[in-house]
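Protein chains in written order, with our numbering: chain A, 1 to 339; chain B, 340 to 630. Idealized CB from N, CA, C, for every residue including glycine. These numbers come from a predicted model, not from an experiment. For reference, the structure is listed below as structure tokens.
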Ligand SMILES: Cc1cc2nc3c(=O)[nH]c(=O)nc-3n(C[C@H](O)[C@H](O)[C@H](O)COP(=O)(O)OP(=O)(O)OC[C@H]3O[C@@H](n4cnc5c(N)ncnc54)[C@H](O)[C@@H]3O)c2cc1C
Ligand SMILES: Cc1cc2nc3c(=O)[nH]c(=O)nc-3n(C[C@H](O)[C@H](O)[C@H](O)COP(=O)(O)OP(=O)(O)OC[C@H]3O[C@@H](n4cnc5c(N)ncnc54)[C@H](O)[C@@H]3O)c2cc1C
């Protein structure tokens with residue numbers, strides 16, 4: 001009761017990374033609030049899912065396992081989530097800002113008549129005093145999110161309503177298993193009893209979803225290219241550098257929109273957020289929406305022929321020059337020096 | 340021939356895609372007046388889907404709803420120039436400060452006023468608030484199914500609609516009974532341009548408040564051509580419960596707004612010379628950043 005609750009999404013038979021990241025965040029919020037962490041998993045053939053969820057710190061996992069619940073569909077998932085939120089009365093509810101999470105969370109918030117903050121980049125616990133009434137609120141969830149196309153950061157609170165709901169994009173929070181052999185309790189949800197015909201009126205006709213091919217969020221070195229790379233062919237330079245360094249290739253939205261690299265590799269506000277040990281930005285100007293996805297990198301190197309490119313201001317090293325000249329040299333000297 | 344009652348939801352937004360330096364005030368807030376007000380981009384994709392349905396099922400009607408200040412009447416005019424039949428501007432001081440829950444309440448009450456309707460088409464997301472929450476919340480308030488991220492409305496029948504949806508790594512096709520709320524993704528076809536004839540027909544269309552400042556000639560024109568009038572609906576015209584509007588109906592409160600500032604680092608500038616690259620690579624290897 002009055003715990004933190006995370007809606008866990010399933011992807012290719014396992015709990016999605018974004019949900020594990022939210023469990024990690026949920027665990028630390030729960031510790032701060034001195035309450036428990038609960039997880040909700042909805043899907044089909046979920047045997048054993050609890051072990052993964054427990055290792056990320058959940059104390060209770062609610063499992064709704066029914067073949068009609070996979071793949072994700074709004075109404076049946078919303079019914080089960082609504083019922084659980086009403087029963088458990090969590091103080092905080094977290095959802096991944098994925099296709100499914102951004103479809104589900106607003107529907108659930110609307111039926112519960114409570115606030116929902118989209119695409120949070122930070123979640124903190126803090127107090128608040130209402131300027132008008134002087135009323136004090138303790139331990140609210142500060143939901144920090146970019147808006148206005150990434151140009152502002154807003155801190156949003158829900159003083160009066162519970163649960164406080166938020167969605168978070170993949171890669172924004174760190175995922176970390178808890179130490180020791182954390183075990184919790186499994187509570188089965190009887191989906192058959194909850195679902196009525198009315199929840200199943202939207203029918204799936206066809207579905208083509210590609211399995212995830214690349215996952216740049218897990219890479220400790222990222223070689224990222226922008227519009228300045230010029231072509232899909234020229235991106236080979238970046239793949240070569242990534243290969244010798246043992247990293248992955250990413251891109252800016254301009255590079256993705258121009259067809260130089262796949263969308264799965266896009267870094268930024270509307271792509272993924274990464275925090276590698278080293279981020280090499282090649283031919284990327286460094287607009288605010290791009291920086292939002294990479295400025296937490298431990299080290300940033302920019303390669304840009306424009307000394308005034310904004311990326312240089314957040315880079316640890318800026319190499320002013322033509323990437324077609326610089327990248328081959330980096331490969332050459334890496335090979336020479338690493339021996 | 341089957342006819343449908345189609346409702347489009349569109350928002351007027353500041354153009355946040357091209358934010359120049361003058362758009363940020365010294366205190367870190369956004370200077371909205373420095374940004375042009377535009378038709379939210381994905382709402383144009385939504386409008387196109389509605390107009391295609393009207394082309395396919397002649398006799399269908401398309402009504403546009405927008406909630407906003409008086410100047411949002413511009414969104415309705417733009418839609419009239421492209422082929423919608425009519426539009427209403429939801430405007431009232433009591434609506435100010437609405438979050439997505441209060442906004443979807445107002446929109447759902449306005450939709451109920453237009454009953455019976457078959458399909459509500461919204462954009463996926465507005466580029467200022469950036470939440471993509473309003474569509475699903477309107478659907479919940481109307482107690483109808485939602486189909487988000489539509490790329491194409493494949494077919495519409497008396498009682499159902501077939502839709503192709505764009506997901507993160509793929510597509511899916513679903514059939515939903517009507518009425519339903521659809522949100523349209525930017526990968527759907529772009530909106531048709533203004534139609535020259537419709538532009539002539541509707542260029543003098545004005546909302547009730549806009550008319551107040553205009554000359555007697557204009558008023559006469561509006562008496563002769565009643566279709567030029569853009570209706571304005573306030574809280575009472577949609578029978579809204581005041582508790583659910585504006586700030587009091589909004590569970591989320593903005594505690595603080597900051598502009599995103601550069602945390603400029605002390606950056607080392609290097610040239611592309613062999614010496615510079617060689618020494619950088621050596622340094623990275625020594626620090627175990629690479630290798
Ligand atoms: C709501 C919204 C969301 C967005 N989300 C994202 C997002 O998630 N990710 C993202 O990346 N963008 C996003 N954008 C777009 C963003 O604003 C920029 O348009 C985009 O990041 C620019 O990409 P770029 O730096 O590759 O291209 P450009 O800005 O065109 O920069 C190209 C750079 O390459 C340099 N260059 C050219 N030739 C060479 C050469 N031969 N050698 C070296 N340097 C060279 C140029 O000097 C320039 O700095 C978003 C925008 C909006 C409005
Ligand atoms: C900085 C900032 C942050 C905010 N963060 C949040 C938040 O996290 N949670 C929250 O609940 N509210 C938030 N709001 C308030 C929110 O922006 C407003 O409630 C807004 O009215 C609707 O939200 P949206 O712009 O995100 O629309 P979206 O939900 O992105 O819009 C989706 C679609 O709904 C339709 N639609 C939306 N608004 C209207 C309208 N006024 N008239 C007609 N159709 C419309 C359009 O078809 C649109 O494409 C925030 C506002 C600001 C300024």
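If residue i and residue j are in contact, beta carbons under 8 Å, what's the gap, nearest whole angstrom?
i                      : j                      : result
residue 307 of chain A : residue 320 of chain A : 5 Å
residue 36 of chain A  : residue 3 of chain A   : 4 Å
residue 251 of chain A : residue 261 of chain A : 4 Å
residue 71 of chain A  : residue 204 of chain A : 7 Å
residue 484 of chain B : residue 201 of chain A : 6 Å
residue 199 of chain A : residue 79 of chain A  : 5 Å
residue 216 of chain A : residue 265 of chain A : 6 Å
residue 225 of chain A : residue 235 of chain A : 6 Å
residue 288 of chain A : residue 599 of chain B : 6 Å
residue 620 of chain B : residue 337 of chain A : 5 Å
residue 445 of chain B : residue 406 of chain B : 5 Å
residue 118 of chain A : residue 440 of chain B : 12 Å between Cβ atoms; not a contact.
residue 469 of chain B : residue 147 of chain A : 5 Å
residue 591 of chain B : residue 158 of chain A : 6 Å
residue 410 of chain B : residue 149 of chain A : That belief does not hold up - the Cβ atoms of residue 410 of chain B and residue 149 of chain A are roughly 20 Å apart, past 8 Å.
residue 127 of chain A : residue 138 of chain A : 5 Å
residue 514 of chain B : residue 501 of chain B : 5 Å
I'd like to know if residue i contacts chain E, where contact means its C-beta is closer than 8 Å to some C-beta of that chain.
i                      : result
residue 529 of chain B : No chain E is present in this structure, whose protein chains are A and B.
Ignore the nearest five residues each way along the sequence and tell me which others in residue i's own chain have a CB closer than 7 Å to its CB.
i                      : result
residue 219 of chain A : 247, 248, 276
residue 317 of chain A : 301
residue 106 of chain A : 116
residue 530 of chain B : 383, 384, 386, 387, 421
residue 263 of chain A : 256
residue 569 of chain B : 412, 415, 426, 428, 544, 545, 546
residue 30 of chain A  : 3, 4, 36, 37
residue 392 of chain B : 343, 345, 399, 492, 495
residue 389 of chain B : 345, 347, 401, 460
CB-CB under 6 Å to residue i, same chain, minus the five flanking residues each way: which ones, in chain order?
i                      : result
residue 378 of chain B : 414, 417
residue 437 of chain B : 585, 589
residue 161 of chain A : 114, 115
residue 59 of chain A  : 36, 37, 184
residue 279 of chain A : 222, 294, 297, 300
residue 5 of chain A   : 38, 90, 93
residue 511 of chain B : 504
residue 435 of chain B : 585
residue 14 of chain A  : none
residue 54 of chain A  : 182, 183, 184
residue 41 of chain A  : 8, 49, 63
residue 326 of chain A : 303, 319
residue 473 of chain B : 439, 442, 443
If I measure Cβ to Cβ from residue i and keep anything under 8 Å in the same chain, skipping five residues before and after, which residues do I get?
i                      : result
residue 284 of chain B : Residue 284 of chain B is absent from the structure shown; chain B starts at 340 and stops at 630.
Problem set entry | Contact set, ligand 1 heavy atom to C-beta under 5 Å | Listed along the chain, these residues meet the criterion: A:149, A:226, A:227, A:228, A:252, A:253, A:254, A:268, A:269, A:270, A:271, A:283, A:284, A:285, A:287, A:289, A:290, A:304, A:305, A:306, A:309, A:322, A:323, B:356.
Problem set entry | Any 3 or more C-beta pairs closer than 8 Å across the segment 14 to 32 of chain A and the segment 173 to 190 of chain A | Between the segment 14 to 32 of chain A and the segment 173 to 190 of chain A there are three or more inter-stretch CB-CB distances shorter than 8 Å, so the stretches are counted as touching.
Exercise. What are the complete alpha helix (DSSP H) segments, minimum 4 residues, inside the segment 412 to 446 of chain B?
Worked result: DSSP runs (the alpha helix (DSSP H)) wholly in the segment 412 to 446 of chain B: 412 to 421.
Exercise. Using 8 Å as the threshold, is the segment 345 to 354 of chain B in touch with the segment 445 to 462 of chain B, meaning 3 or more CB pairs across them?
Worked result: Enough Cβ pairs lie closer than 8 Å, so yes.
Exercise. Where are the beta strand (DSSP E) runs, 3 residues long or more, that stay fully inside the segment 365 to 389 of chain B, in chain order?
Worked result: Runs of the beta strand (DSSP E) lying entirely within the segment 365 to 389 of chain B, each at least 3 residues long, are 376 to 378 in chain order.
For this session: Taking 8 Å as the threshold, find out whether the segment 276 to 290 of chain A comes into contact with the segment 221 to 232 of chain A through three or more Cβ pairs.
Result: With three or more CB-CB distances shorter than 8 Å, the segment 276 to 290 of chain A counts as touching the segment 221 to 232 of chain A.
Exercise. Is the segment 420 to 439 of chain B touching the segment 531 to 550 of chain B, taking contact as three or more C-beta pairs under 8 Å?
Worked result: With the cut-off at 8 Å, the segment 420 to 439 of chain B and the segment 531 to 550 of chain B touch.
For this session: Indicate whether the contact test is met: 3 or more Cβ pairs, each with one atom in the segment 487 to 502 of chain B and one in the segment 522 to 529 of chain B, closer than 8 Å.
Result: The answer is yes - the segment 522 to 529 of chain B touches the segment 487 to 502 of chain B, with three or more Cβ pairs under 8 Å.
Exercise. Does the pairing of the segment 551 to 560 of chain B with the segment 394 to 411 of chain B give three or more beta-carbon distances under 8 Å?
Worked result: The segment 551 to 560 of chain B makes no contact with the segment 394 to 411 of chain B; the number of CB pairs closer than 8 Å stays below 3.
Problem set entry | Runs of beta strand (DSSP E) wholly within the segment 467 to 515 of chain B (minimum 3 residues, chain order) | Taking only runs of at least 3 residues, the beta strand (DSSP E) segments lying wholly in the segment 467 to 515 of chain B are 485 to 495, 499 to 506.
For this session: Go through the segment 150 to 213 of chain A residue by residue and report every complete run of the beta strand (DSSP E) that reaches 3 residues or more, in order.
Result: List check, beta strand (DSSP E) in window: 152 to 157, 164 to 168, 185 to 188, 203 to 209.
For this session: Mind listing, in chain order, the continuous beta strand (DSSP E) runs of no fewer than 3 residues lying wholly within the segment 210 to 250 of chain A?
Result: For secondary structure counted as the beta strand (DSSP E) over 3 or more consecutive residues, the segment 210 to 250 of chain A holds these complete runs in sequence order: 221 to 225.
Problem set entry | Runs of alpha helix (DSSP H) lying entirely within the segment 531 to 601 of chain B, each at least 4 residues, in chain order | Runs of the alpha helix (DSSP H) spanning 4 or more residues and lying entirely within the segment 531 to 601 of chain B occur at 535 to 541, 547 to 551, 555 to 563, in chain order.
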